[in-house]
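Colleague:
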Amino acid sequence: MRKYHWSVCVASRSCHCLELSVPTASANLLSSLHLLKAFFMLGLRRLVICPGSRSGPLAVAAGILERKCNLQLFTCIDERSAAFFALGAARASGTAVAIVTTSGTAVANLLPALVEADKSGIPLLILTADRPSSLKNCGSNQTVAQERFLTSACRWLGNGSLQGLSTMSYCAINLLAERAWVEAHGIPSGPVHLNLPLDEPLHITAEDLQKLLDTYRFDCPTKPKKLDSVNIDYLGCEQFGEIPCFTSDQPGVIVVGPWRGSNLQYPAFIKSIVCFQRHTNWPIFADPLSGLRGCSELKSITTYDLFLDKIPADIGIRQILRLGPMPASRQLQQWIKKTGGSQILITEGDTRPQDFLHLAQQWSGGFSAWCNCLPEQFWNMTSNSTSLDINSWLQCIEVKTQNLLSQNLSLVGAIREPSLARILENLIPTDWPIMLASSSPVRDWENFTQNITPHTVEGFRGSSGIDGTLSLAMGLTSIYGRLVLISGDLALLHDSNGWLWQQQISQLKGQLIVLVIDNGGGGIFEQLKIRPKSEGLRYKSVMDFEKLFTMPQSADHRILAAAHNISSYVITSAENIKSALERAYSQSVTLLYVGTNRFYDAHLRQEIRSKVVPIMKQHLP
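What follows is the structure, given as structure tokens:
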């Protein structure tokens, strides 16, 4: 991350400097208004305000732009929740969302969301009000080294004038905004932090505010200003080094992780991968967050996590094409490691190292560009018959495994978590995007769904935490208009302040269905080899697994939802899921509560894995 410091009033023929005679409160507001207007001209359309006095000029400026230019304005009393909401909105929209906070610990609360934004390549603009330099390092209240809080997760740190934003020229403010916008939407996109000292007096009088509104020119463009340095198209073949290449006459496999490119590049990505698979006949292992599952033009293997650990290393695959970050499946990771062979990893412009297995040659120019840059010789080769045989063999295992799942996952009676994923996939309409919370929900969706319907599936696994789950879903809903969140009980409780967004989502006429799976704590830990097993001893005499890992809570999710004026329904059997969803489709924000038994469901998952073994032995090449 590069730091850039702006500290003086820079005048030019095309820039207007503020006059020193302007009252400081008015100057603070004018400077704040000009900064936000500059961002609006560049394409900023959504901004989240957190409460504070030091950030008052920025808040008032945002309110003015809401009325004058239709800037979409959200408010939140919790900075941590605000940042995750903005992250969800930025993911869905593809452009940066701004967050305004006051000084002090308010800034520190933004870090968790920024860590995820950094890893996932999502643009955010962080605008933090600060004390001027005269109040730094002298014991002043609420004055901290906040400019250093977020540096580890930011693409760039920009500082306003240390004497205060009002001492900067409009030219300098424009340059600051343009640099921040470019950095946030660069390759890869990510968070940018502008730390903005503001000196007192901060709050303008009503009379002066009216004068400002009467005289200020509000030019609100419908189309964003184009900057030459903001280039959403990836650079030429040579920009990212020599093009690594495979031979299409040798067997291979395609592994596709979560999508990390821009929304505008995704259609070309889909077109390229369809073309590549048709030419090579290579099978595709697609992560549920790749967007490829359910695509009728592709032949994807979706149950790979259930059987890959049982496949011998040498089945003839000599090449592995990896697209984007590694899928979270441990079985897939171990299989890739033992298979070896020639491996190429392609990212969508992100040059940061992505190969933690240290087996692949990384090229970062994007998959569509890579396909276009491949030599003609590659496309002239005919695919090896072994490739077709391996693909057919894996497709056979896929069909057999899916049949096994249909036989063992009951769609009636008591709800089991693996069955729930399969049921919801078939019941939720394809025009309702789905967000999968980290831990069990995303894993069950990966392993137990049929993947025959093309849902938009969102998840935030850059840092693989449960942080901000509900706020992220609210942010996604603000853009998509409707969403189903599938979450565990601890993930939902961890971000219970996310319910505070309900009123603003309702005002937008948005619809969010939150389906919480309450299994009495962290059910994911039942799937890991943590719980002690010993004969003749109760496991509690060795280790208190419940206390140290699963941490069951006594909070009632329905009461918590009711406190925020949110309706809730309890689903007691698989047969009731459809009617509960249908009721929720006509409401704004709804909680659907499902109680499960994590111990029994962990056993069911292991039982299914064991039943896949005979299928593998029967169909080994």
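Heads up, the sequence shown is in the numbering used here, so the first residue is 31 and it goes up one at a time. We treat Cβ as the ideally placed atom computed from N, Cα and C, and that holds for glycine.
1) Am I right that D339 and N477 are in contact with their C-beta atoms under 8 angstroms? What's the rounded C-beta distance?
2) Can the beta-carbon of L103 be found less than 8 angstroms from the beta-carbon of L77?
3) Does DSSP classify V283 as helix, strand or coil?
4) Tell me the residue span of the alpha helix (DSSP H) that contains Y334.
5) What do you reckon, are the CB atoms on G371 and Q349 nearer than 8 angstroms?
6) Nearest to F397 by alpha carbon, out of A298, A451, P383?
7) Is N171 buried or exposed, if buried means 16 or more other CB atoms sit within 10 Å of its CB?
8) What separation, rounded to the nearest whole angstrom, lies between the Cα atoms of A91 and D148?
9) Using a Cβ-Cβ cutoff of less than 7 angstroms, which residues in the same chain neighbour I482 once the five nearest sequence positions on both sides are dropped?
10) Taking contact to mean 3 or more Cβ pairs, one atom from each stretch, closer than 8 angstroms, check whether the segment 86 to 100 and the segment 247 to 254 are in contact.
11) Beta carbon of P355, beta carbon of G287: below 8 angstroms?
12) Could you name the residues of the same chain whose beta carbon sits closer than 6 angstroms to that of P313, not counting the 5 residues immediately before and after it, in chain order?
13) If you follow the beta strand (DSSP E) that Q349 is in, where does it begin and where does it stop?
14) If you scan the segment 427 to 474 from start to end, which runs of the beta strand (DSSP E) of 3 or more residues do you find wholly inside it?
15) Using the rule of at least 16 other Cβ atoms within 10 Å of the residue's Cβ for burial, across every protein chain shown, is C106 buried or exposed?
16) With three or more C-beta pairs closer than 8 angstroms as the rule, is the segment 187 to 206 touching the segment 217 to 225?
17) Using the C-alpha atoms, what's the distance from I300 back to V285?
18) Whose C-beta lies closer than 8 angstroms to the C-beta of D380 among residues of the same chain, with five residues either side of it excluded?
19) Buried or exposed for D631, please, with buried defined as at least 16 other CB atoms from any protein chain shown within 10 angstroms of its CB.
20) Taking C-alpha atoms, which residue in A126, L59, S133 lies nearest to P231?
21) If you run the structure through DSSP and keep just helix, strand and coil, what is C99?
22) Among residues of its own chain, excluding the 5 on either side of L389, which ones have a beta-carbon nearer than 6 angstroms to its beta-carbon?
23) Determine contact between the segment 201 to 214 and the segment 134 to 149, defined as no fewer than three beta-carbon pairs at a distance below 8 angstroms.
24) Is it true that the segment 301 to 312 meets the segment 397 to 407, where meeting means three or more beta-carbon pairs spaced less than 8 angstroms apart?
25) Evaluate I589 with the Cβ neighbour count: other Cβ atoms within 10 Å of its Cβ, from every protein chain shown; 16 or more gives buried, anything less gives exposed.
26) Assign S598 to one of two classes, buried (16 or more other C-beta atoms within 10 Å of its C-beta) or exposed (fewer than that).
27) Comparing alpha-carbon positions, which option in F575, E406, L362, T416 lies nearest K559?
Modeller: Inspection of the coordinates gives the following:
1) For D339 against N477, the beta-carbon gap comes to about 13 angstroms, at or over 8 angstroms, which does not count as contact.
2) Contact flag set, yes.
3) Note: V283 maps to strand in three-state DSSP.
4) Where Y334 is concerned, the enclosing alpha helix (DSSP H) starts and stops at 334 to 337.
5) In contact: G371 and Q349 (Cβ atoms closer than 8 angstroms).
6) Proximity to F397 across A298, A451, P383 peaks at A298, based on C-alpha coordinates.
7) Around the beta carbon of N171, fewer than 16 other beta carbons sit within 10 angstroms, so the residue counts as exposed.
8) A91 and D148 have their C-alpha atoms roughly 28 angstroms apart.
9) Close CB contacts of I482 within its chain, under the 7 angstroms cut and outside five residues either way in sequence, are with G324 (chain order).
10) Yes: at least three Cβ pairs fall under 8 angstroms.
11) Yes. Within cutoff.
12) V283, I331, N421, L424, listed in sequence order.
13) Where Q349 is concerned, the enclosing beta strand (DSSP E) stretches over 349 to 353.
14) Counting only runs of 3 or more, we get 464 to 466.
15) By the 10 Å Cβ count, C106 comes out buried.
16) With the cut-off at 8 angstroms, the segment 217 to 225 and the segment 187 to 206 touch.
17) Computed Cα separation, rounded: 14 angstroms.
18) Excluding sequence neighbours, D380 sits near G151, I217, P218, R290, S394.
19) With a 10 Å radius around the Cβ and a threshold of 16 neighbouring Cβ atoms, D631 comes out buried.
20) The residue with the shortest Cα to Cα distance from P231 is L59.
21) The DSSP-derived three-state label of C99 is helix.
22) Closer than 6 angstroms at Cβ, skipping near neighbours: Q373.
23) Touching, no.
24) By the Cβ criterion, the segment 301 to 312 is in contact with the segment 397 to 407, since at least three pairs of Cβ atoms, one from each stretch, lie closer than 8 angstroms.
25) By the neighbour-count rule (16 or more Cβ atoms within 10 Å), I589 is not buried but exposed.
26) Buried: at least 16 other Cβ atoms inside 10 Å.
27) Out of F575, E406, L362, T416, F575 has the C-alpha closest to the C-alpha of K559.
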